[in-house]
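Undergrad: Each residue of the sequence shown is one higher than the one before, counting from 10 in my numbering.
Virtual Cβ for every residue (Gly too), placed ideally from N, Cα, C.
Predicted model, so just to flag it, every value in this text is computed and none were measured.
What follows is a structure written as structure tokens; I'll ask about it next.
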Amino acid sequence: MIGRWLHVPEVVRWWGDPDEQIELISEDVELAEMATLIVSYRNRPFAFAQHYDAHQWPQAHFDPLPENTRCLDAFIGVPDMMGCGHGQMFLKMLTAQLFERGAPMIGIDPDP
């Protein structure tokens, strides 16, 4: 499912080579430090999200972020679910949960 989603042109635009990304995601799901999620609406999976401690994988642009900041990566992989507000809603719900769990800040790592 994720492999298929990674081939959607809108996803490729931001995430790049699907084969490379599926390999990275496959490695990430094995890591306790990385939370990986499949997002569904009315029992229909439509998006992928992962979140992690900003300082677990050091990057210069994360250095100033407070300890316990969570960073997230996400995409909608089902074209007919894009542009309908689903992404905005699930990101609001996910960030609310992360704040409730004590994250002082949420970061989204932009594509360079």
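Given this structure, state the Cα-to-Cα distance separating residue 65 from residue 88, to the nearest angstrom.
TA: Sequence index remark: in the sequence shown, residue 65 carries index 56 (1-based). Sequence index remark: in the sequence shown, residue 88 carries index 79 (1-based). Approximately 32 Å, taken between the alpha carbons.
Undergrad: What did DSSP end up calling residue 102 once you bin it into helix, strand or coil?
TA: Taking the sequence shown and counting its residues from 1, the one referred to as residue 102 is at position 93. DSSP places residue 102 in helix when its eight states are reduced to three.
Undergrad: Out of 49, 90, 55, 63, which has the shortest C-alpha to C-alpha gap to residue 113?
TA: Residue 113 sits at position 104 when you count from the first residue of the sequence shown. Residue 63 is the option with its Cα nearest to residue 113.
Undergrad: Specify, as a first and last residue, the run of the alpha helix (DSSP H) that residue 12 falls within.
TA: For the purposes of this step, residue 12 is taken as residue 3 along the sequence shown, with counting starting at 1. 11-14 is the extent of the alpha helix (DSSP H) around residue 12.
Undergrad: Please report how far the alpha carbon of residue 54 lies from the alpha carbon of residue 47, in whole angstroms.
TA: Position 45 of the sequence shown holds residue 54. Position 38 of the sequence shown holds residue 47. Each residue's alpha carbon lies about 6 Å from the other.
Undergrad: Starting from residue 33, follow the alpha helix (DSSP H) in both directions and report where the run begins and ends.
TA: Start at 1 with the first residue of the sequence shown, and residue 33 comes out as number 24. Segment 27-37, the alpha helix (DSSP H) holding residue 33.
Undergrad: Expressed to the nearest angstrom, what Euclidean distance is found between the alpha-carbon atoms of residue 84 and residue 76?
TA: Indexing the sequence shown from 1 puts residue 84 at position 75. Indexing the sequence shown from 1 puts residue 76 at position 67. Taking the straight line from one Cα to the other gives about 25 Å.
Undergrad: Is the beta carbon of residue 38 sitting closer than 8 Å to the one on residue 86?
TA: Within the sequence shown, numbered from 1, the residue matching residue 38 stands at position 29. Within the sequence shown, numbered from 1, the residue matching residue 86 stands at position 77. No, the pair does not count as a contact, with Cβ atoms beyond the cut-off.
Undergrad: Would you say residue 79 and residue 115 are within 8 Å of each other, going by their C-beta atoms?
TA: Start at 1 with the first residue of the sequence shown, and residue 79 comes out as number 70. Start at 1 with the first residue of the sequence shown, and residue 115 comes out as number 106. Yes. Within cutoff.
Undergrad: With a cut-off of 8 Å on the beta carbons, I'd call residue 57 and residue 11 a contact; round off their distance for me.
TA: Taking the first residue of the sequence shown as 1, we reach residue 57 at position 48. Taking the first residue of the sequence shown as 1, we reach residue 11 at position 2. Yes, residue 57 and residue 11 are in contact; Cβ-Cβ is about 6 Å, under 8 Å.
Undergrad: Which same chain residues, not among the five before or five after residue 45, have their C-beta less than 8 Å away from its C-beta?
TA: What you label residue 45 is simply residue 36 of the sequence shown in a count that begins at 1. Here the set comprises 34, 37, 38, 57, 58, 59.
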